[in-house]
Amino acid sequence: MKKACIVLLFGIIIFNYIPVNAKGANFPYSIGPFITLKGGVNAADVPDGMKNGFTINGLPDFGASGFIPFGDKSQFGLAADLAYSTYSYDLKDNNSIIIKTSSVNYLTLGTNLYIYGFTTGLNFGLPIGGTIKFPFTTNEKSTDEMNLFLEFRIGGMIPLYYDEIGRVNLIIQLGYFLTEQLKDDYSGSYNNHPASGAIGVSYLFNLTD
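With numbering that gives the first Met the number 0, the residue at position 168 of the sequence shown is 167, and numbering never jumps.
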């Protein structure tokens with residue numbers, strides 16, 4: 000997650016170099032596609048002799064995002080997204096050799112407050128499949144084992160280019176599962192809580208002037 004924090008800081012620096020007139024009046028109602036590259040780690044405890052490892056998703060997250068402005072004078076509004084999202088993380092032994100890589104796919108709906116490029120909010124997810132990859136084989140992961148999830152997110156949607164048609168945004172996002180990933184009948188204190196960092200781009204088409 001240190002790398003993800005560095006990425007977030009880098010985005011804040013970029014935002015500070017955006018022309019002043021781009022930081023003025025609010026953006027209009029808008030909608031469009033996005034794509035992000037994401038990596039993650041399990042932030043929960045693991046049994047003795049094992050440790051959590053960070054991994055990058057093989058498939059990017061993608062979907063549609065939208066923006067609803069709150070007023071005309073300041074850049075404040077609601078940013079929402081509907082996406083196909085993947086959360087992956089490694090489990091390693093004490094010698095840092097990967098034992099398995101878990102990847103779970105979700106249909107997600109996120110809602111965020113947008114304040115001058117910064118975003119914070121919640122993401123909701125429905126599990127639709129997944130895999131557990133071992134060194135020599137890959138097993139399918141049943142959705143019957145997994146909960147719906149609630150995730151806290153913080154980051155940025157930073158405008159890089161804007162004209163009368165729409166705008167290109169840099170997306171930076173950190174997330175943490177507030178709920179346990181596996182069903183309540185999972186025994187022990189090792190129920191997974193994925194934490195993730197993502198970076199990508201979106202293009203939002205203006206729906207109004």
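We put the CB at the ideal spot given by N, CA and C, even for glycine. The structure presented is a predicted model; accordingly, all values stated were derived computationally and were not measured.
Three-state class that DSSP yields for residue i in the structure shown
i: Glu144; result: helix
i: Lys132; result: strand
i: Asn205; result: strand
i: Ser87; result: strand
i: Phe75; result: strand
i: Lys50; result: strand
i: Lys182; result: coil
i: Ala197; result: strand
i: Ala82; result: strand
Expected contact under 8 angstroms - CB spacing of residue i and residue j to nearest Å
i: Gly196; j: Lys37; result: 7 angstroms
i: Lys140; j: Ile131; result: 6 angstroms
i: Gly165; j: Asn205; result: 5 angstroms
Rounded straight-line distance, which links the Cα of residue j to that of residue i
i: Leu58; j: Thr178; result: 23 angstroms
i: Ile171; j: Tyr202; result: 14 angstroms
i: Asn93; j: Asn138; result: 23 angstroms
i: Asn51; j: Lys182; result: 20 angstroms
i: Leu159; j: Val200; result: 10 angstroms
i: Ser101; j: Leu169; result: 28 angstroms
i: Phe133; j: Asp89; result: 10 angstroms
i: Ser29; j: Gly65; result: 6 angstroms
i: Phe69; j: Gly62; result: 23 angstroms
i: Asn190; j: Asn122; result: 19 angstroms
Reference residue i; option with closest CA among the options
i: Ile67; options: Phe61, Asp80, Asp60 and Asn56; result: Asp80
i: Ala40; options: Phe176, Asn111, Glu144 and Phe33; result: The amino acid occupying residue 40 in the given sequence is Val; Ala does not appear at that position. The shortest C-alpha separation from Val40 is found at Phe176.
i: Ile198; options: Gly174, Asn190 and Tyr88; result: Gly174
i: Phe53; options: Ile97, Phe69 and Thr35; result: Ile97
i: Thr107; options: Leu125, Pro193 and Gly120; result: Leu125
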